[in-house]
Structure formats: structure tokens, C-alpha cells
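Numbering (the numbering used here), first residue to last: 163 to 589. Beneath this line is the structure, given in C-alpha cells, with notes to follow.
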Amino acid sequence: MKKLLLCLIIAMLFTVITACGGDEEASSDSDAVSVWVHTSKETPEGKAMQTIIDRFNKKYDGEYSAAIEFIPRSGSGGGYEDKINAALTTNTLPDILTLDGPNTAAYADAGMIAPIDEYLTNKDDLLPSIIEQGTYEGKMYAVGYSESGVGIFYNKKMLKEAGVDLATLSTIDNPWDWNQFMELNQTLVDTFDKPAIDMGFDDQSEWLMYAFSPFLWSQGGSIVSEDGTSASGVFNDENAVKAFTFIQNMVKKGYATITPVEKGFHTGEYPLKFGGSWTITELEEYPDIEYGIMPYPTSPDTGELVSPSGSWQYAMSATTDKKEAAGKLIDFLVSTESLTEITLANSVLPAAYSVIEEVQDKVSPELNFLIEQNSKSAHARPVLPAYPQVSRVFQQTVSDATYYKENSDIQKLLDNKVEQINKALSK
163 MKKLLLCLII
173 AMLFTVITAC
183 GGDEEASSDS
193 DAVSVWVHTS
203 KETPEGKAMQ
213 TIIDRFNKKY
223 DGEYSAAIEF
233 IPRSGSGGGY
243 EDKINAALTT
253 NTLPDILTLD
263 GPNTAAYADA
273 GMIAPIDEYL
283 TNKDDLLPSI
293 IEQGTYEGKM
303 YAVGYSESGV
313 GIFYNKKMLK
323 EAGVDLATLS
333 TIDNPWDWNQ
343 FMELNQTLVD
353 TFDKPAIDMG
363 FDDQSEWLMY
373 AFSPFLWSQG
383 GSIVSEDGTS
393 ASGVFNDENA
403 VKAFTFIQNM
413 VKKGYATITP
423 VEKGFHTGEY
433 PLKFGGSWTI
443 TELEEYPDIE
453 YGIMPYPTSP
463 DTGELVSPSG
473 SWQYAMSATT
483 DKKEAAGKLI
493 DFLVSTESLT
503 EITLANSVLP
513 AAYSVIEEVQ
523 DKVSPELNFL
533 IEQNSKSAHA
543 RPVLPAYPQV
553 SRVFQQTVSD
563 ATYYKENSDI
573 QKLLDNKVEQ
583 INKALSK
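What follows is the structure, given as C-alpha cells:
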């Protein structure tokens with residue numbers, strides 16, 4: 163029953179999928195540790211993964227071996243998730259697989275993946291957010307090989323035009339609160355007579371959970387109770403009301419729009435944008451935009467900086483008969499050398515402290531900014547078996563709050579959403 167439920171959860175959680183065939187590099191060697199990854203071998207990430215596997219095979223030649231299979235996620239017709247679902251029903255999962263951070267609890271609860279604590283020799287080096295997203299019921303079931311984060315990108319020229327002194331902007335060590343952030347937005351709206359920031363409200367996906375939950379956590383709130391059994395008195399308490407009122411006000415006051423111009427920040431339409439390391443890569447194609455990055459604004463009540471985090475992880479199948487070899491490979495995959503290789507190849511945030519030290523002189527100041535914010539303030543999303551359903555309710559709450567004409571009463575909105583979350587948690 164749990165396997166069937168997990169198949170449904172995987173199908174719900176992943177919305178971007180591709181053809182099942184993928185780029186298969188699997189070896190016919192039955193003694194090799196089989197590894198399934200969700201990316202293409204042609205991507206920088208895929209190339210780095212292949213290099214790491216080759217290095218593992220060379221180092222442990224005669225003792226262990228590994229074979230990687232690339233099953234990329236793209237398009238809209240099957241792919242990595244389909245292959246995982248098929249393997250679940252036929253008990254043919256690989257020894258090691260990749261999974262997205264929010265999937266941890268669902269996979270572990272279904273008995274699909276096994277604890278890996280005993281195999282990790284560098285656990286103390288991993289960032290707290292990496293430990294948090296991979297841990298379920300006190301055991302670590304998955305380990306992230308990269309991190310992610312979001313900052314507020316700003317167009318230096320446009321801010322100067324609005325009379326903003328860039329030297330006074332928010333910093334990681336002295337972040338602005340929501341009120342100060344809205345004051346900046348008001349100045350920009352007054353200057354340019356249009357919305358000041360693209361916050362991605364039009365992205366009806368996991369982004370709404372990922373990017374906006376930090377406002378709730380900064381306020382001191384949460385989505386569900388500590389034991390993960392209820393949202394009553396949590397997702398509809400005073401903290402949640404304040405956080406979602408701030409989110410609503412960003413649209414209600416005209417600072418943000420729910421229908422932003424595509425690539426509006428990149429083309430100088432908006433002076434501000436919520437973006438991550440991927441935005442840095444995108445902006446390489448827009449050299450005329452001189453930009454900087456500010457940290458997340460904080461709740462005026464707490465002043466606590468909280469930023470989003472989470473990315474893909476490695477996990478060991480519970481059905482593998484090569485636990486020792488698979489454990490050795492996972493440990494190798496998240497060594498400082500391997501993680502550094504992934505970070506530099508894919509322009510992503512590091513998953514370990516030692517990697518931060520390795521890459522800080524090799525990446526841009528902008529990426530270093532996100533790396534520092536992540537290391538000081540990253541917060542993992544809830545580790546819940548029902549995470550996909552809970553995330554969907556959160557996403558809808560953000561959307562409903564920003565369509566404020568129909569949902570102006572935040573308390574009433576949250577009371578309704580609590581019932582939906584509790585229903586999901588009780589299944």
C-alpha cells in the first residue's frame with residue numbers, strides 16, 4: 163500500500179518529466195553499484211557526475227565498481243519519475259538514486275530508501291540545512307550534493323536613478339526588515355510608475371512554497387506542529403497572519419505583480435527580482451545589466467534572517483544487496499573533492515563547509531553572496547510524508563492571498579487552509 167501511495171506522491175510532486183529511455187550508461191556488470199540520476203550526461207552536472215564515478219572506479223579498482231545511468235527530466239511525457247515508479251512495482255530499484263529534498267520523508271516512510279548515517283564520514287562538514295532535509299525520524303536517509311538559495315537582485319543603475327544610496331542597502335549581517343524593504347519598493351514605484359519587483363507570483367509551482375515559506379519562519383511561525391501531525395493553531399496563528407499579510411501587501415500596494423513581464427529584470431523592466439544562482443547564470447547573457455544582491459528581508463518582530471534551501475540528494479535503495487559498496491560510493495560522492503566538482507561545474511551552492519572554502523576564490527562575488535546567506539540562514543522545507551499535498555496547499559495560499567480582492571481576510575483564508583493541510587496529514 164505504501165509503495166502505491168508513494169507512486170502517486172511522486173507523480174504529484176514532479177511536474178516536469180521526460181521520456182523513459184534517457185541516456186543510459188548502465189553497465190552490464192552485475193557486481194557494479196547501479197546509480198540512477200535525473201540529469202542528462204551532456205549537462206555540466208551530468209559530466210561532473212560521470213567524472214566522479216570514473217574516479218571512484220579507478221580508486222577502488224578490484225574492490226568496488228559503479229555504473230551510472232542518466233535519465234533526464236524534461237518535457238512532458240514520462241521520464242525519471244516514471245522509471246522510479248516502474249521500479250517500485252517490480253522491485254528493480256537501483257542501488258543508489260537521486261531524489262529531490264522534499265521527497266525524503268515520503269521515500270523513507272514507504273520503506274524505499276535506507277538510513278545512511280553509518281556510511282557518512284563527513285557528516286560534521288555538511289551544512290545544517292543538508293542534514294535537516296535528509297533526516298526523517300532521527301535518521302539520515304539522503305544526503306544533498308548541492309544547495310540552493312534565493313536573494314533579491316537589484317539593478318544598480320535603476321536604484322541610483324531613484325536616488326537610492328547603494329551603500330545603505332540591506333546586508334547579510336544587517337538585513338532590512340519587511341517595512342524597510344517595502345519603503346524601498348515604494349520609492350521605486352514612485353520613480354518608475356510601475357511594479358518594482360518580480361517575485362515570481364506567476365510561477366504556480368513549488369517555487370511558491372520554496373521562496374515564500376522563509377517569511378513565515380522569519381516571523382517565528384511554522385506550517386505544521388513539531389510532530390508533523392497538525393496545522394491547527396500553527397498555520398493560522400498570529401505569526402502566519404503577519405507573514406501572509408506581508409506577502410499580500412507586496413501585491414496590494416503595487417510593489418509586485420502577479421503577471422510579471424518575462425525576463426523583466428534582465429531587460430530593465432523591473433529594478434528588483436527574487437532569483438537564485440540560476441539567475442546569475444541567466445544574466446551572463448545580459449551584460450548591460452549591472453546588478454547586486456540583497457538578502458531576504460526579515461520580520462520586524464524578530465529580525466531573524468531566513469532563506470530557502472534544498473536541492474537534489476543521493477540515497478541508498480532499501481532493496482540493495484550491495485550496502486557496503488553503495489555506502490562507500492555515497493560517501494565518495496559527497497566528499498569535499500566530489501562536492502567541489504559539482505559546485506564548480508553546475509554553478510550551484512555548496513553542500514558542505516569545506517567546499518565553501520574550496521570555491522570562494524573561484525566563483526563570482528554574486529554567487530559568494532548567496533553562498534554566505536545560505537550558510538548563515540538556510541532553512542529546509544518540512545520533512546513530511548505528505549509534503550507534496552502540504553506544499554500544494556501552501557502554494558495555493560500564496561496565490562489566494564495575492565489575489566486579495568477575493569481573499570482579503572488572511573485569517574479566514576488560513577483557517578480554511580488549515581483544514582486542507584490536516585486532511586492531507588491524516589491520510
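Ideal placement from N, C-alpha and C gives every residue a C-beta, glycine not left out.
Within the stretch 310 to 337, the complete alpha helix (DSSP H) runs of at least 4 residues fall at 318 to 323.
The stretch 499 to 507 makes no contact with the stretch 561 to 579; the number of CB pairs closer than 8 Å stays below 3. Between the alpha carbons of Trp338 and Pro462 lies a distance of about 9 Å. Counting other Cβ atoms within 10 Å of its Cβ, Ala329 stays below 16 and is therefore classed as exposed. Ala586 is not a Cβ neighbour of Met274, given a cutoff of 8 Å. Setting aside the 5 residues that flank it on each side, Glu528 is surrounded in the same chain by Ile442, Ile455, each with a C-beta closer than 6 Å to its C-beta; the list follows chain order. In the displayed model, Gly437 falls within a strand according to three-state DSSP. The Cβ neighbour count for Tyr298, taken over all protein chains shown within 10 Å, is at least 16; the residue is labelled buried. For Trp198, the beta-bridge partners assigned by DSSP are Glu231, Leu259. Under the 8 Å Cβ criterion, the stretch 216 to 229 counts as touching the stretch 482 to 498, having at least three qualifying pairs. In the DSSP annotation of this structure, the continuous segment of the alpha helix (DSSP H) that includes Gln342 starts and ends at 340 to 354. Rounded to the nearest whole angstrom, the C-alpha separation of Leu495 and Gln551 is 31 Å. The Cβ atoms of Ala210 and Asn508 lie closer than 8 Å to each other. Under the three-state reduction of DSSP output, Ala304 falls in the strand class.
Secondary structure note for Ser500: its alpha helix (DSSP H) is the uninterrupted segment 498 to 508.
Considering only Gln295, Trp340, Phe374, Leu255, the residue with the shortest C-alpha distance to Ser469 is Phe374.
Of all C-beta pairs linking the stretch 426 to 440 to the stretch 312 to 319, three or more are shorter than 8 Å, placing the two stretches in contact. Just measuring C-alpha positions, the residue of Leu546, Ala563, Gln557, Tyr566 sitting nearest Gln295 is Leu546.
The stretch 411 to 428 and the stretch 385 to 399 do not touch, with fewer than three beta-carbon pairs separated by less than 8 Å. Of all C-beta pairs linking the stretch 509 to 520 to the stretch 333 to 351, fewer than three are shorter than 8 Å, placing the two stretches out of contact.
Around Thr283, the same chain offers Asp493 as residues with beta carbons nearer than 8 Å, after the five sequence neighbours per side are excluded. Going by DSSP, Gly241 is part of no alpha helix (DSSP H) at all; its letter is neither H nor E. In the structure shown, the three-state DSSP call for Ala480 is coil. Around the beta carbon of Trp440, fewer than 16 other beta carbons lie within 10 angstroms, which makes this residue exposed.
Under the DSSP assignment, Ile533 falls in the alpha helix (DSSP H) whose first and last residues are 527 to 539. Shown here for Ala194: same chain residues with a beta carbon closer than 8 Å to its own, the five before and five after excluded, namely Ser227, Ala228, Ala229 in chain order. Residue state for Gly454 is assigned as strand, using DSSP reduced to three classes. A distance of 8 Å or more separates the beta carbons of Ser553 and Met361.
Of the residues assessed, Gly465 falls on the exposed side of the cut-off, its CB having fewer than 16 other CB atoms within 10 angstroms.
For Pro277, the CB contacts under 7 Å within the same chain, skipping 5 residues up- and downstream, are Lys301, Met302, Tyr303 in chain order. At least 8 Å separates the beta-carbon of Gln582 from that of Val560. For Tyr432, there is no enclosing alpha helix (DSSP H), since its DSSP letter is neither H nor E. The bridge partners DSSP lists for Thr297 are Met302. Excluding its 5 nearest sequence neighbours in each direction, Leu255 has C-beta neighbours in its own chain below 6 Å: Ala249, Ser479, Thr481, listed in chain order. For Thr564, the enclosing alpha helix (DSSP H) starts and ends at 549 to 564.
Listed in chain order, the non-local C-beta contacts of His428 below 7 Å within the same chain comprise Glu444, Leu445, Tyr448, Ile451, local neighbours out to five positions each way being set aside.
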